[in-house]
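Residue numbers for the sequence shown, in my numbering: 359 to 502. Yeah, the Cβ is synthetic: ideal placement off N, Cα and C, and Gly gets one too. Values in this document were obtained by computation on a predicted structure and should not be read as measured data.
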Amino acid sequence: MSLAFAEAGAELMLADINETGAQQTAREIETLGRRAVPVRCDVSEPDQIRALFEQPDDEFGRIDVLANVAGGASIETRPPEETPLEDVAAFMQSLMFGRFCCCQEVGRRMLSAGKGSIIKITSIAGLTALGRSHAPYSMAMRLI
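Structure follows, in structure tokens:
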């Protein structure tokens with residue numbers, strides 16, 4: 359998705375918990391002649407999200423598009439009857455609350471600017487279970 363935005367002429371800030379992956383994608387974007395700024399961000403941490411959204415203000419001046427595509431938490435998959443509530447909470451924190459916090463932060467800026475778009479990518483897991491061991495992920499994706 360990032361490469362497609364770059365090919366369409368966008369400059370990007372790439373927020374990812376996987377810093378190495380974000381840096382690699384940034385290099386690919388730069389080979390297309392576009393600017394990309396990789397930033398490590400754990401979307402389960404609201405303070406990191408708030409800090410993240412201060413950077414585009416400084417780097418780019420505005421945000422035109424938020425592509426909200428964060429994946430699931432790195433938690434061992436187990437059958438629902440064996441899944442600790444802490445694991446369910448971790449999925450909700452990163453997938454639901456984290457994405458909501460991203461939308462809050464970018465929404466404030468877009469409302470002030472009078473324009474902008476938010477793209478939220480979810481998963482087929484939100485519509486149908488991927489198996490008993492994916493219950494927390496499926497529940498969180500359904501809420502998105």
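Item	Value
Within 9 Å, strictly: CB atoms of Cys-459 and Pro-404	yes
Expected contact under 8 Å - CB spacing of Val-395 and Leu-424 to nearest Å	Not confirmed; about 15 Å, so no contact.
Three-way DSSP call (helix, strand, coil) for Leu-514 in this model	Given that the chain is displayed from residue 359 to residue 502, the structure contains no residue 514 and the question cannot be resolved.
Reference Arg-398, options Glu-439, Glu-386, Ile-375, closest by Cα	Ile-375
Among Arg-392, Tyr-495, Arg-420, the one whose alpha carbon lies nearest that of Thr-441	Tyr-495
C-alpha distance - Asp-445 paired with Ser-402, whole-angstrom precision	13 Å
Range of the contiguous alpha helix (DSSP H) that encloses Ser-496	493-501
Segments assigned alpha helix (DSSP H), at least 4 residues, entirely inside the segment 365-415	377-389
For Glu-365, the nearest candidate out of Thr-378, Gln-381, Glu-388, Gly-379 (CA to CA)	Glu-388
Bridge partner(s) assigned by DSSP for Ile-477	Ala-425
Cβ-Cβ distance between Leu-453 and Ile-502 below 9 Å	yes
Own chain residues within Cβ distance below 8 Å of Arg-490, not counting five before or after	Pro-437, Pro-438
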